[in-house]
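Here the structure comes first, spelled out in structure tokens, and everything after it is commentary.
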Amino acid sequence: MAGFEGVDKHQVAPEEAMRTTTTMGGEIKPEYEEVVAFHGGDDGSNAGGVMEKKLSVTGLHAVRGLTISLHNVSVQIEKNDGFNIFRSKKERSTKTTLKDVTAVIRSGEMYGLMGPSGAGKTTLLDAISHRLKKPAKRYGDVLYDAHRPTMSEVRRDASYVEQSDDVISSGLCHCTVFESVLFAAMCKLPHDKWSKEEKIQRVHQVLKQMSLDQAAQTIVGNPGIGVRGLSGGERKRLSISMGLLYNPRAIFLDEPTTGLDSAMASEVMHIVKSQLQGLGCTLVVTIHQPSPVIFDLLDQLILLKAGKIIYLGPGGMEPCKIFADLGYPYRPGYNIAEFILETVTDKAASCDFQQVYEESEQAKSQKSQADAIWEDFIHQTKPGDALPPSADKDTHRRKWSVTLAQQAEQQDLMCYANSPLREIYVLVRYRVMIKWGWGWYIAVKLAIPILVGLVYASFFNNLPKNFWGSFTTAGLLFVTVALAGFMAVTPLEDFKIEWPLVLRQRQDAYYRSSTFAVEKIIQEVPYGLLGAVGFGIVTYFAIGLKMTPYAFFFYCLCSFTVNMVSTSIAFALASNIQIDFLPQALCTVWNTLNILVSGFFLPKCQIPKWWSWLYWISYQQWTWSALMINQYSDQSGVEEAIQNGQCEASFDSGAKCSDGMGSLLNRLPMLFQSAGMNGDGNQCTAMNNFTLNMFSLGTGAHSSQWLCLLYAFLSLPVFIILFYAGVWRSSRSKQ
Numbered sequence: 001m002a003g004f005e006g007v008d009k010h011q012v013a014p015e016e017a018m019r020t021t022t023t024m025g026g027e028i029k030p031e032y033e034e035v036v037a038f039h040g041g042d043d044g045s046n047a048g049g050v051m052e053k054k055l056s057v058t059g060l061h062a063v064r065g066l067t068i069s070l071h072n073v074s075v076q077i078e079k080n081d082g083f084n085i086f087r088s089k090k091e092r093s094t095k096t097t098l099k100d101v102t103a104v105i106r107s108g109e110m111y112g113l114m115g116p117s118g119a120g121k122t123t124l125l126d127a128i129s130h131r132l133k134k135p136a137k138r139y140g141d142v143l144y145d146a147h148r149p150t151m152s153e154v155r156r157d158a159s160y161v162e163q164s165d166d167v168i169s170s171g172l173c174h175c176t177v178f179e180s181v182l183f184a185a186m187c188k189l190p191h192d193k194w195s196k197e198e199k200i201q202r203v204h205q206v207l208k209q210m211s212l213d214q215a216a217q218t219i220v221g222n223p224g225i226g227v228r229g230l231s232g233g234e235r236k237r238l239s240i241s242m243g244l245l246y247n248p249r250a251i252f253l254d255e256p257t258t259g260l261d262s263a264m265a266s267e268v269m270h271i272v273k274s275q276l277q278g279l280g281c282t283l284v285v286t287i288h289q290p291s292p293v294i295f296d297l298l299d300q301l302i303l304l305k306a307g308k309i310i311y312l313g314p315g316g317m318e319p320c321k322i323f324a325d326l327g328y329p330y331r332p333g334y335n336i337a338e339f340i341l342e343t344v345t346d347k348a349a350s351c352d353f354q355q356v357y358e359e360s361e362q363a364k365s366q367k368s369q370a371d372a373i374w375e376d377f378i379h380q381t382k383p384g385d386a387l388p389p390s391a392d393k394d395t396h397r398r399k400w401s402v403t404l405a406q407q408a409e410q411q412d413l414m415c416y417a418n419s420p421l422r423e424i425y426v427l428v429r430y431r432v433m434i435k436w437g438w439g440w441y442i443a444v445k446l447a448i449p450i451l452v453g454l455v456y457a458s459f460f461n462n463l464p465k466n467f468w469g470s471f472t473t474a475g476l477l478f479v480t481v482a483l484a485g486f487m488a489v490t491p492l493e494d495f496k497i498e499w500p501l502v503l504r505q506r507q508d509a510y511y512r513s514s515t516f517a518v519e520k521i522i523q524e525v526p527y528g529l530l531g532a533v534g535f536g537i538v539t540y541f542a543i544g545l546k547m548t549p550y551a552f553f554f555y556c557l558c559s560f561t562v563n564m565v566s567t568s569i570a571f572a573l574a575s576n577i578q579i580d581f582l583p584q585a586l587c588t589v590w591n592t593l594n595i596l597v598s599g600f601f602l603p604k605c606q607i608p609k610w611w612s613w614l615y616w617i618s619y620q621q622w623t624w625s626a627l628m629i630n631q632y633s634d635q636s637g638v639e640e641a642i643q644n645g646q647c648e649a650s651f652d653s654g655a656k657c658s659d660g661m662g663s664l665l666n667r668l669p670m671l672f673q674s675a676g677m678n679g680d681g682n683q684c685t686a687m688n689n690f691t692l693n694m695f696s697l698g699t700g701a702h703s704s705q706w707l708c709l710l711y712a713f714l715s716l717p718v719f720i721i722l723f724y725a726g727v728w729r730s731s732r733s734k735q
């Protein structure tokens with residue numbers, strides 16, 4: 001398997017119990033021991049058995065869960081209501097989705113967030129996990145173990161499993177389960193603390209833990225495009241597996257049963273409950289309408305309505321008792337979860353559930369616990385961070401929380417397990433090289449330029465060495481450059497498919513924006529190079545360009561350069577503009593502008609002044625100029641062409657074209673003489689000189705083909721930087 005040398009894909013998963021050691025910084029590593037296994041004979045008896053020594057993980061380990069406290073947490077979303085012609089600015093309004101939530105989530109328990117649609121379940125989960133997406137703004141504070149965590153600490157201690165599995169299906173469609181989890185392990189487990197062998201063992205352990213060991217070599221698949229692979233429950237467990245690799249202390253799951261039937265949903269939740277809570281993890285799960293089996297798994301229930309908590313306490317029958325005291329008796333045998341949701345959404349209900357909760361002993365207990373944690377937090381702060389004096393503690397807490405939130409924005413937002421160079425290695429080795437191993441993928445990538453080249457060559461095979469052939473060749477060189485620009489949109493489809501997965505992995509601190517940008521360019525280098533060589537072999541000799549190895553090499557190098565620059569432009573547009581059709585449309589517009597100012601249709605002196613700046617930065621103009629100088633500047637080969645009959649020793653006045661450009665070309669000798677040029681020589685020499693002069697090439701900035709190619713190449717780092725900026729900006733906008 002490409003990119004996995006030394007990895008035995010049939011490697012046996014380790015045993016279920018695992019001891020661990022804790023390193024400095026809280027890093028938990030598995031311990032390994034040499035296990036002596038006795039294998040019996042073929043008949044099942046001990047006769048003929050052999051002793052085998054192997055490295056084995058000695059099992060699962062417990063982690064210390066997080067105690068999460070929320071202190072007057074509110075979330076507001078700023079909405080844009082359109083443009084007001086009287087105020088000449090956009091009207092904005094705010095919507096409050098969470099209102100003064102105070103609660104304590106204890107470690108080692110499974111909390112379920114329930115409520116009707118729009119109650120704020122996902123918003124609360126995002127607030128707890130520090131993953132609120134813009135334009136949402138959080139007020140108040142969320143503490144982990146009486147400590148305000150940085151985003152680096154959040155990504156180290158907590159794992160978030162999103163509701164949709166479409167990102168997994170699309171981005172990892174053709175990868176196996178083992179490859180997907182191994183890539184996550186290589187990104188998330190520090191290289192200096194985990195060896196490759198330990199990471200592989202950890203992957204097998206997690207797959208066994210989530211009952212995916214039998215599907216390790218099954219591709220993920222994507223039912224949406226007809227690629228069969230994992231079932232819905234297996235994809236959900238795969239998402240959870242990726243979050244378990246680095247032993248998180250808290251796991252947040254957003255609607256983990258969405259899209260699953262009742263049996264599969266129960267299976268997923270049983271695995272989550274038995275495997276993860278048994279390790280001491282803090283579990284917070286949003287569930288819209290759980291089945292009785294799933295509801296019974298919840299240790300604690302947080303019930304929301306209109307962004308406010310109306311119940312926080314034990315699950316099971318306890319909520320029914322409270323509702324019965326309020327005049328809403330539970331009907332025996334009825335689904336408890338459905339009863340709760342129907343009761344709180346009943347428009348005829350006269351009870352103010354939120355006020356009842358605020359006056360309850362549960363709310364008072366939660367507030368006292370939160371206050372105690374807050375006091376611990378205050379005592380842990382530095383002297384310079386002390387609260388300002390005031391009588392209203394809640395007001396100060398809220399104001400200071402906002403100040404702390406502003407300070408946190410200035411801290412490091414990511415916690416990366418590897419150095420940038422190591423990240424590039426991991427991305428290339430465990431993602432790019434996997435794609436290079438897909439034969440069908442390579443075939444499609446290379447077939448497109450070769451097929452285009454064959455069509456190209458079939459129209460312009462063996463052009464004559466006269467003025468008509470000269471101008472046709474100039475046009476063909478121009479089309480060669482223009483085609484590469486338009487063909488650059490082909491990688492955009494792959495980019496669009498994997499982009500949501502990239503944003504999720506960036507949010508989980510798999511890798512930096514810069515290393516992803518470098519990886520994408522590295523991925524396209526072989527395709528750009530092989531495509532340029534394949535296109536060059538098909539077209540160069542069929543058209544009959546200059547027959548020297550040097551000229552052919554330079555032709556392929558120019559094709560490769562324009563391929564890479566065009567691809568980087570496409571990536572830059574796609575990363576900065578997340579509107580489905582717009583990057584392709586803008587690529588077309590940009591290429592059209594480059595074509596118009598390239599100097600082929602309009603000489604440089606006739607390009608309008610307001611577009612002249614684009615002429616000097618156009619990579620297509622510089623690449624075409626380099627190809628023209630490569631073809632026409634060197635007169636070596638003219639004598640050989642005359643001797644072979646490929647070039648006439650004098651102007652051929654008999655080869656007339658009746659109209660159009662042919663009529664003009666027949667009068668070129670007279671134009672040469674009127675311009676003071678020597679028209680008595682052979683056609684090839686005169687034609688070469690005239691062609692370069694006509695397009696203002698061969699002098700000044702266009703005096704050297706290598707200088708022109710350098711100017712074209714300088715566009716590449718510029719668009720790579722724009723590509724990186726788009727990835728970085730998009731990742732930040734999701735935080």
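If you count the sequence shown from 1, position 237 lands on 237 in UniProt numbering, and the numbers rise without skipping. All C-beta atoms, glycine included, are put in the ideal place defined by N, C-alpha and C.
In the DSSP output, which residue or residues are listed as bridge partners for residue 289?
Beta-bridge pairing links residue 289 to no other residue.
Looking at the secondary structure, which residues open and close the alpha helix (DSSP H) in which residue 186 lies?
177 to 188
Please classify residue 563: is it buried, with 16 or more other beta-carbons within 10 angstroms of its beta-carbon, or exposed?
buried
Residue 98 and residue 123 closer than 8 Å at C-beta:
yes
Should residue 492 be counted as a contact of the ligand SAM given a C-beta to heavy atom distance under 7 Å?
As presented, the structure is devoid of all ligands, the ligand SAM included, so that no description of it is given.
By DSSP, does residue 531 sit in helix, in strand, or in coil?
helix
Here's the rule: buried if 16 or more other CB atoms are within 10 angstroms of the residue's CB, otherwise exposed. What is residue 352?
exposed
Cβ-based burial, residue 731 [other Cβ within 10 Å; buried from 16]
buried
Pull the bridge partners of residue 141 from the DSSP assignment, please.
71
Residue 703 classed as buried or exposed, judged by whether at least 16 other C-beta atoms fall within 10 angstroms
exposed
Please classify residue 421 as buried or exposed, where buried requires at least 16 other C-beta atoms within 10 Å of its C-beta.
exposed
C-alpha gap between residue 497 and residue 214, whole angstroms
28 Å
Cβ neighbours of residue 626 in the same chain (closer than 6 Å, five flanking residues each side left out):
558, 705, 708, 709
My understanding is that residue 280 touches residue 260, with C-beta atoms under 8 Å, so please give their C-beta distance in whole angstroms.
The pair is not a contact, with the Cβ atoms about 26 Å apart (cut-off 8 Å).
Check each candidate in 136, 190, 160, 130 and name the one with the smallest Cα separation from residue 149.
130
Excluding five sequence neighbours on each side, which residues of the same chain lie with their C-beta closer than 7 Å to the C-beta of residue 489?
570, 584, 587
In its own chain, which residues sit with a C-beta less than 8 Å from the C-beta of residue 605, not counting the 5 before and 5 after it?
696
Following the continuous alpha helix (DSSP H) through residue 171, name the residue where it begins and the one where it ends.
166 to 171
Does DSSP classify residue 76 as helix, strand or coil?
strand
Could you give the first and the last residue of the continuous alpha helix (DSSP H) run that contains residue 509?
That residue, residue 509, is in no alpha helix (DSSP H); it is neither H nor E in DSSP.
Assign residue 443 to one of three DSSP states: helix, strand, or coil.
helix
Would residue 65 be called buried (16 or more neighbouring beta carbons within 10 Å of its own) or exposed?
buried
Skipping 5 residues on each side, what residues in its chain have a beta carbon closer than 7 Å to that of residue 567?
488, 491, 524, 528
Output the boundary residues of the alpha helix (DSSP H) element that contains residue 206.
196 to 209
So the candidates are 718, 290, 248; which of them puts its Cα closest to the Cα of residue 266?
290
Quick one: any contact between the region 173 to 180 and the region 214 to 232, if contact means 3 or more CB pairs under 8 Å?
yes
Residues bridged to residue 433 by DSSP?
Residue 433 is not bridged to any residue.
Please go through the same chain and pick out, in chain order, the residues whose beta-carbon is closer than 6 Å to the beta-carbon of residue 252, but skip the five residues on each side of it.
125, 129, 160, 284
Only counting runs of 4 or more residues, tell me where the alpha helix (DSSP H) segments fall wholly within the region 232 to 294, in order along the chain.
232 to 244, 262 to 271
Taking the alpha-carbon positions, what's the residue 312 to residue 363 distance?
8 Å
Exposed unless 16 or more other CB atoms sit within 10 angstroms - verdict on residue 270:
exposed
For residue 227 and residue 502, what's the separation of their Cα atoms in angstroms?
21 Å
Are three or more beta carbon pairs between the region 444 to 454 and the region 533 to 544 nearer than 8 Å?
yes
Measure from the alpha carbon of residue 480 to the alpha carbon of each residue in 197, 629, 246, 624, then state which is nearest.
624
Considering only the beta carbon of each residue, do residue 303 and residue 340 sit closer than 8 Å?
yes
So, does the CB of residue 533 fall closer than 8 Å to a CB anywhere in chain C?
The displayed structure is made up of one protein chain only, and chain C is not part of it.
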